[in-house]
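Student: Structure incoming, see below.
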Amino acid sequence: MNKYYSITELTREFGVSTRTLRFYEDEGLIHPERRGRTRLFRSADRRLIMEILRGRRIGFTIAEIREIIQVYKDPPGESGQLRLLMKRVEEKRDELRQKRKDIDDTLEELGNVEEACLTRLAEIGVST
Numbered sequence: 131m132n133k134y135y136s137i138t139e140l141t142r143e144f145g146v147s148t149r150t151l152r153f154y155e156d157e158g159l160i161h162p163e164r165r166g167r168t169r170l171f172r173s174a175d176r177r178l179i180m181e182i183l184r185g186r187r188i189g190f191t192i193a194e195i196r197e198i199i200q201v202y203k204d205p206p207g208e209s210g211q212l213r214l215l216m217k218r219v220e221e222k223r224d225e226l227r228q229k230r231k232d233i234d235d236t237l238e239e240l241g242n243v244e245e246a247c248l249t250r251l252a253e254i255g256v257s258t
């Protein structure tokens, strides 16, 4: 028997708002069944939501997530999806490394400015 999940069940399980799930639906990432105004989510929708949220946590955009999902649906299927995902992970890793370098450089520069201020304060006879 097919198990359906309500929007309320999924929002509670994943700690997201109904607006978030409707947004993913509007973006074409998930496709719940409709019975009147009620959305019924299948197990496949639930798994997709899990993967979408995972992608968001690691910094993927909605467009990147959509691309990864689409590659799975089209040939070459899962292997293509996994190769694309590995490529996107490496790109994200490089982006984060660059951000870390930028932060380290900024922290170093702030230290230099602070040191210059302390030196100048000492020169003009102000104690800190």
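Positions 131 to 258 (the working numbering) are the ones given, in order, by the sequence shown.
Heads up, the beta-carbon is just placed ideally off N, CA and C, and yes, glycines get one too.
(1) Just the Cα atoms here: how many angstroms apart are Phe190 and Gln228?
(2) Would you tell me roughly how many angstroms separate the C-alpha atoms of Thr138 and Glu238, rounded to the nearest one?
(3) So the candidates are Val243, Leu226, Arg152, Lys222; which of them puts its Cα closest to the Cα of Arg167?
(4) Whole angstroms is fine: what's the gap from Glu181's alpha carbon to Arg165's?
(5) Applying the 10 Å Cβ sphere with the 16-neighbour rule, what's the burial state of Asp224?
(6) State the beta-bridge partners of Tyr202 as determined by DSSP.
(7) Could you give the first and the last residue of the continuous alpha helix (DSSP H) run that contains Thr148?
Tutor: Short version:
(1) Residue mapping note: residue 190 aligns to position 60 of the sequence shown, counting from 1. Residue mapping note: residue 228 aligns to position 98 of the sequence shown, counting from 1. Counting only the Cα atoms, Gln228 lies some 16 Å from Phe190.
(2) What you label residue 138 is simply residue 8 of the sequence shown in a count that begins at 1. What you label residue 238 is simply residue 108 of the sequence shown in a count that begins at 1. Thr138 and Glu238 have their alpha carbons spaced roughly 48 Å apart.
(3) Within the sequence shown, the letter at position 37 stands for residue 167. Distance check between Arg167 and each of Val243, Leu226, Arg152, Lys222 places Arg152 closest, using alpha-carbon atoms only.
(4) Residue mapping note: residue 181 aligns to position 51 of the sequence shown, counting from 1. Residue mapping note: residue 165 aligns to position 35 of the sequence shown, counting from 1. Looking at the two C-alpha atoms, the distance is approximately 25 Å.
(5) Here residue 224 corresponds to residue number 94 of the sequence shown, with the count starting at 1. Asp224 is exposed by the Cβ-count criterion.
(6) Numbered from 1 along the sequence shown, position 72 holds the residue referred to as residue 202. As DSSP reads the structure, Tyr202 sits in no beta bridge.
(7) By one-based count along the sequence shown, residue 148 stands at place 18. Note, Thr148: alpha helix (DSSP H), 148-156.
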